[in-house]
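Undergrad: Protein chains in written order, with numbering that gives the first Met the number 0: chain A, 0 to 248; chain B, 0 to 279.
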Amino acid sequence: MRIVFYRLVAVFLPLTLLEILCREHVIKPLILPPPSRILLGLWAVIANGAFNAAIVKTLANVGLAIVLAVVVGIAAGAAIHRSRPLRTLLEPLFSTYYAIPIYAFYPLFIVVFGLGDTPQVLIGFMLAVVSMIVSTLAGLDSVPAVLGKTARVMQLGAVETVRSVTMPYAAPYLFTGVKLAIAYAFIGVIGAEFIMSGTGLGYEIRFAYDNLDNDVMYPLILLILLIAVAVNMSLDHWDRALRSRRERG
Amino acid sequence: MPRCNTNFGKWALVVRQPPIHVSLRGVTKEYESKLGRTHALGPIDIDLRRSEFFAVVGPSGCGKSTLLDVIAALVPPSAGLVTFEGQPIGNTVPDGIGVVFQENACFPWLNVADNITFGLRRQPVERSEVERRLQDALQLMGLQDFARAFPAQLSGGMRQRVCIARTLLMQPRLILLDEPFGALDQQTRLLMGDELLRIWRATGATVLLITHALDEAAMLADRVAVMSARPGKILEVIETGWPRERDSQIVSVPEFGAITARLWTLLRAQSMQALRPEPV
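1. Note down the Cα distance separating residue 216 of chain A from residue 84 of chain A, rounded to an integer number of angstroms.
2. What are the residues in the stretch 157–170 of chain A lying within 9 Å of chain B by C-beta distance?
3. Considering just the uninterrupted stretch of the alpha helix (DSSP H) at residue 124 of chain A, what are its terminal residues?
4. For the alpha helix (DSSP H) that contains residue 175 of chain A, what are its first and last residues?
5. DSSP puts residue 30 of chain B in a beta bridge; with which residues?
6. Go through its chain and collect everything with a Cβ distance to residue 136 of chain A's Cβ below 7 Å, but skip five positions before and after it.
7. Note down, in chain order, each residue of its chain lying with its Cβ closer than 6 Å to the Cβ of residue 132 of chain A, except the 5 sequence neighbours on either side.
8. Cα-Cα, which of A:146, A:168 and A:109 is closest to residue 134 of chain A?
9. Could you tell me whether the stretch 169–178 of chain B touches the stretch 207–218 of chain B, using the rule of 3 or more Cβ pairs below 8 Å?
10. What is the DSSP secondary structure of residue 48 of chain B, counted as helix, strand or coil?
11. Residue 143 of chain A touches chain B at which residues, Cβ-Cβ below 7 Å?
12. Under a three-way DSSP split, which group does residue 237 of chain B fall into?
13. Are the CB atoms of residue 95 of chain B and residue 171 of chain B within a distance shorter than 8 Å?
14. Taking 6 Å as the limit between beta carbons, can you name the residues of its chain near residue 75 of chain B, skipping five residues before and five after?
15. I need the boundaries of the beta strand (DSSP E) containing residue 283 of chain B, first residue and last residue.
16. Work out the CA separation of residue 231 of chain A and residue 65 of chain A for me, nearest whole Å.
17. Just reading off the alpha helix (DSSP H) that residue 304 of chain A is part of, what are its end residues?
18. Along the alpha helix (DSSP H) that carries residue 157 of chain A, what are the first and last residues, could you check?
19. Strictly under 8 Å for the Cβ-Cβ distance: is residue 149 of chain A near chain B by that measure?
20. Cβ atoms of residue 146 of chain B and residue 111 of chain B: under 8 Å apart, would you say?
21. Residue 244 of chain A CB to nearest chain B CB: under 8 Å?
22. Please list the partners that residue 155 of chain A has in chain B, where partner means a Cβ-to-Cβ separation under 9 Å.
23. Which chain B residues are close to residue 146 of chain A, counting only those with a beta carbon under 8 Å from its beta carbon?
24. With residue 193 of chain B as the anchor, note down where its alpha helix (DSSP H) starts and where it stops.
25. If we cut at 8 Å on Cβ distances, does residue 152 of chain A have a partner in chain B?
26. Which residues share a DSSP beta bridge with residue 177 of chain B?
Here you go:
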């Protein structure tokens, strides 16, 4: 319980300090309104409903990018794991992948795929998929050979072995991959909306910024922050539950 | 051909032997690697009689585990023939063979009960029958109080019991044990040996035990095959002559010392050869 208390202090102490600095106009309202006003603004934004379409659109695109990254990432990871030449070819590329500024390709994606949602989903997918491939490879590498032999002794077929032995053993690694894929998909989609898009939360934040509309911009930033924290905390909770059964001694 | 000692002398000729359960004829195994072809095993010619407890000892790296893998159809032989119940063994593990490995083969995401029933639940067996066999196995292995525990909560010996119980649930007619107590301390190994003998008598299965522990082989087996350094060949098969009803207290009888000493005499030179560095 003490750790929870310290965590709350770590969050609320800087917020209280910020509140005081904003209210005393040490930080000008044009730069940052007090946190309490941002929170009330968030309530107003949600109650107003004007941004519901943007919220739904962003979350749908993020969800699509996640699903694609997880499915393609696991399938590609499993294929690369089975093929030694493919692995030798691709593995060095994975380690340098995140050094590539994916957003640089965004104009190209717009030229190829048009101004719809596809380029944004693609950016989210491209950022997320490699973390899923790398986690899948790590998970499959971790499966002890003796479990494969056990599956053969039990006369399990290839599909049943993957479903009942390999994937459950690799699950903690895959889960880490899913967590990273979710984070990267959020960054990719919202970042893409921010740069070049006519809809979505990223676009609304940029539009508010361009119009110096702090009553919309900061509440929407807070909304994204809360969604990201809530999703991450839920995943962490599941991750701990998953690992605790396997690792408690 | 291996020489076969017997304590029954000439009377062995008139005692009816149980039928052959597993037969190996001219079995060899060679591996290809970047360094060239490695002759790992054989040629091996042995017969396992139905319901006998057969042990194989040999120096490190002599191919004992490879021999087990070949019998279990986990690895194909390079040459020779393995038959189980008169049928040649192919590329898949035949029905009626169970294997317990040295490494921890428990599924860490499943509790003890789910680990034990893992294989049987995938067979066309009634749920009530699965439950009945589970309760029997839990009872037999002394795991009644741990059915809901996860492998990470168990000691190495108890995890190995879970793996043995999982194998027993499939009611194998041939149980292959690849150094199953290799990671356990001496006291636990002796007790597990007692449990193994009890299971062997209760199930009537043929048991093949691969081990590096001479005392374990001498205590548990009806016959012990001694293998040479790589490429592993059978140097001799020693018949222990123990009664079927036996336990770890057999280590205190003088014959046990004599058998262990005989095994060590055969193995000493082979073990020294195995310790020599390989020519580069």
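Quick reminder that beta carbons are idealized off the backbone N, C-alpha and C, glycines included.
TA: Let's see:
1. 49 Å
2. Listed by position along the chain: 159, 163, 164, 167, 168 and 170.
3. 117–141
4. 166–194
5. B:37
6. 76, 79 and 80
7. 72, 75 and 76
8. A:168
9. Judged by Cβ distances under 8 Å, the stretch 169–178 of chain B makes contact with the stretch 207–218 of chain B, as three or more pairs qualify.
10. strand
11. 102
12. strand
13. yes
14. Correct list: empty, nothing qualifies.
15. What the structure shows of chain B is the stretch from 0 to 279, and residue 283 of chain B is not part of that stretch, so it cannot be assessed.
16. 14 Å
17. Residue 304 of chain A is absent from the model: chain A starts at 0 and stops at 248.
18. 157–160
19. yes
20. yes
21. yes
22. 118 and 121
23. Chain-ordered, the chain B residues with CB closer than 8 Å to the CB of residue 146 of chain A read 104 and 106.
24. 185–202
25. yes
26. B:209
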